[in-house]
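This report refers to the structure that appears directly beneath it.
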Amino acid sequence: MKQYEAVIEVMKRNGGYATLSYLYNHVFALTDCIWNTKTPFASIRRIVQDGRFFYKIKPGLWALKSHRDAVTHKLFESESPSTKKVEEFDHSYYQGLLIELGNAKSFTTFVPNQDKNKRFLSQKLGDVATAKEFPAFTYDSLLRRGATIDVTWLNRRGFPQSFFEVEHSTDIQNSLLKFVEFQDFVVKFNIVADARRTREAHAKLAYSAFHEIRDRVTASYV
Numbered sequence: 001m002k003q004y005e006a007v008i009e010v011m012k013r014n015g016g017y018a019t020l021s022y023l024y025n026h027v028f029a030l031t032d033c034i035w036n037t038k039t040p041f042a043s044i045r046r047i048v049q050d051g052r053f054f055y056k057i058k059p060g061l062w063a064l065k066s067h068r069d070a071v072t073h074k075l076f077e078s079e080s081p082s083t084k085k086v087e088e089f090d091h092s093y094y095q096g097l098l099i100e101l102g103n104a105k106s107f108t109t110f111v112p113n114q115d116k117n118k119r120f121l122s123q124k125l126g127d128v129a130t131a132k133e134f135p136a137f138t139y140d141s142l143l144r145r146g147a148t149i150d151v152t153w154l155n156r157r158g159f160p161q162s163f164f165e166v167e168h169s170t171d172i173q174n175s176l177l178k179f180v181e182f183q184d185f186v187v188k189f190n191i192v193a194d195a196r197r198t199r200e201a202h203a204k205l206a207y208s209a210f211h212e213i214r215d216r217v218t219a220s221y222v
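Structure, rendered in structure tokens:
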């Protein structure tokens, strides 16, 4: 079996689509495909860009051209999904990607209770995250605040290593206010936002209220 055929086979078994993390975790289990390379992940990223077989749905999410109609129906439930449905898909999708990435890095992952039943592709976010409860590592008032953050990565001692807020349409300032509450902890703050909100994010970070965390916030735009 050729390498591109292995990627196709894994996607077929998953309904015609897969995230890069899913491919990384499943392609190498096909024993009749040999990967004689020091950079197999890079090889997978190159393979999915082959327009003969694959197309890109979202950053990190690829599908088979032969399964386009079925994949569209399964993920969006219609050919022309509403703006609200697309926004909901975007938000929970990026939450799911961050959870998958945290799991792959051996962190414990948490998603807020109100988001656990939201869909990440064919799964619920709560089934992808590995922590069922937010760990009690500090005062109750801070725990209640932290438990609302979109995605949390926890280290092996049960302390937060990274917080992520996904901001496609909601107020970035609210996310920064959450981060400020945890300025005394050694934790990384991350904003994932629509690329069109770059100027807004920079403007909010410039507020004097966020001086103490400004250099600790990483903003990624998609």
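Per our numbering, residue 1 is the first one in the sequence shown, and the count goes up by one each step.
A virtual CB, placed ideally from N, CA and C, is assigned to each residue, including glycine.
All figures in this text were calculated on a predicted structure; none of them were measured in a lab.
A contact between stretches requires three or more CB pairs, one per stretch, nearer than 8 Å, and the stretch 7-16 meets this requirement with the stretch 57-69. Comparing alpha-carbon positions, the option among 173, 30, 188 lying closest to residue 160 turns out to be 188.
Residue pairing from DSSP places residue 110 in a beta bridge opposite 152.
DSSP places residue 18 inside the beta strand (DSSP E), whose first and last residues are 17-19. C-alpha of residue 168 to C-alpha of residue 90: approximately 8 Å in a straight line. Between the C-alpha atoms of residue 213 and residue 172 there is a straight-line separation of about 14 Å. Under the three-state reduction of DSSP output, residue 207 falls in the coil class, being neither helix nor strand. Comparing alpha-carbon positions, the option among 68, 104, 129 lying closest to residue 95 turns out to be 129. Under the DSSP assignment, residue 58 falls outside any alpha helix (DSSP H), being part of the beta strand (DSSP E) whose first and last residues are 54-58. DSSP lists 124 as the bridge partner or partners of residue 119. Bounds of any beta strand (DSSP E) do not take in residue 70; it lies within the alpha helix (DSSP H) bounded by 68-76. Bounds of the beta strand (DSSP E) holding residue 166 are 160-167.
Sixteen is the threshold: when 16 or more other Cβ atoms of the shown chains lie within 10 Å of the Cβ of residue 204, as they do, the residue is buried. The C-alpha of residue 198 lies about 23 Å from the C-alpha of residue 152. When the Cα atoms are used, residue 41 and residue 74 turn out to be separated by approximately 27 Å. For residue 8, the enclosing alpha helix (DSSP H) stretches over residues 3-13.
Comparing C-alpha distances from residue 34 to each of 1, 54, 56 shows the shortest one belongs to 1.
The DSSP-derived three-state label of residue 178 is helix. Between the beta-carbon of residue 30 and that of residue 44 there is about 12 Å, and that puts the pair past the 8 Å contact cut. Bounds of the beta strand (DSSP E) holding residue 189 are 188-193.
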